[in-house]
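Residue numbers (our numbering): 311 to 499.
Backbone N, C-alpha and C fix where the C-beta goes; we use that ideal spot for every residue, glycine too.
Predicted, not measured: the structure shown is a model, and the values here were computed from it.
What follows is one structure encoded as structure tokens, with my remarks underneath.
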């Protein structure tokens, strides 16, 4: 990936992802920020500290899950990733997902959610559970949004605390309910 000179944002550092390659859970954000670009690791700034805290609250360790972003390099000025940037990095995230084969993907924020649920709306779909591509997709608010709003923080914390049950039931839900490809109806636990 480092050698792929066709990728956008080449002036920024590559932040591929980290965590357990055997994890059933993959957290996916939108793009690296300032601290992530500096350190070459995902979710290490304030949003990452909140993510770590939430993981501890449910008895999980950061190193036991996998954490990455849809875009692997920081957009200038921490702006949102552009559609063409997301499209150019799509193949790399798709390969990460194929290789790691998580049962549950937790998109953090609307850009990550829309990667899996193009018609999704964060205000409507956060905290719901969907079956997409043979996986459970459980979109949550981005931790950065929770740092700006105590109301969103409370919602994120409540929904985060449901994740262990989502993961525990993932195999049985995926086996019992064949996917309906065009459906955006949530499969609630």
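Evaluate residue i with the Cβ neighbour count: other Cβ atoms within 10 Å of its Cβ, from every protein chain shown; 16 or more gives buried, anything less gives exposed.
| i | result |
| --- | --- |
| residue 363 | exposed |
| residue 381 | buried |
| residue 428 | exposed |
| residue 385 | buried |
| residue 481 | exposed |
| residue 435 | buried |
| residue 460 | exposed |
| residue 319 | buried |
From the options, pick the residue whose C-alpha is nearest to that of residue i; which is it?
| i | options | result |
| --- | --- | --- |
| residue 500 | 408, 437, 457, 444 | Outside the shown range of the chain, which is 311 to 499, sits residue 500, and nothing can be said about it. |
| residue 371 | 353, 329, 442 | 329 |
| residue 350 | 358, 324, 331, 390 | 324 |
For residue i, list the residues DSSP reports as bridge partners.
| i | result |
| --- | --- |
| residue 402 | According to DSSP, which records beta bridges pairwise, residue 402 is partnered with nothing at all. |
| residue 365 | Residue 365 is not bridged to any residue. |
| residue 417 | 338 |
Please state whether the Cβ-Cβ distance between residue i and residue j is less than 8 Å.
| i | j | result |
| --- | --- | --- |
| residue 383 | residue 454 | no |
| residue 367 | residue 355 | no |
| residue 409 | residue 335 | no |
| residue 473 | residue 357 | no |
Does the beta-carbon of residue i, which I'm using as the reference point, lie nearer than 7 Å to any heavy atom of the ligand SAH?
| i | result |
| --- | --- |
| residue 382 | The model on display carries no ligand, and the ligand SAH is accordingly not part of it. |
Q: Report yes or no: do the region 391 to 401 and the region 452 to 465 share at least 3 C-beta pairs separated by less than 8 Å?
A: Short answer: they don't touch.
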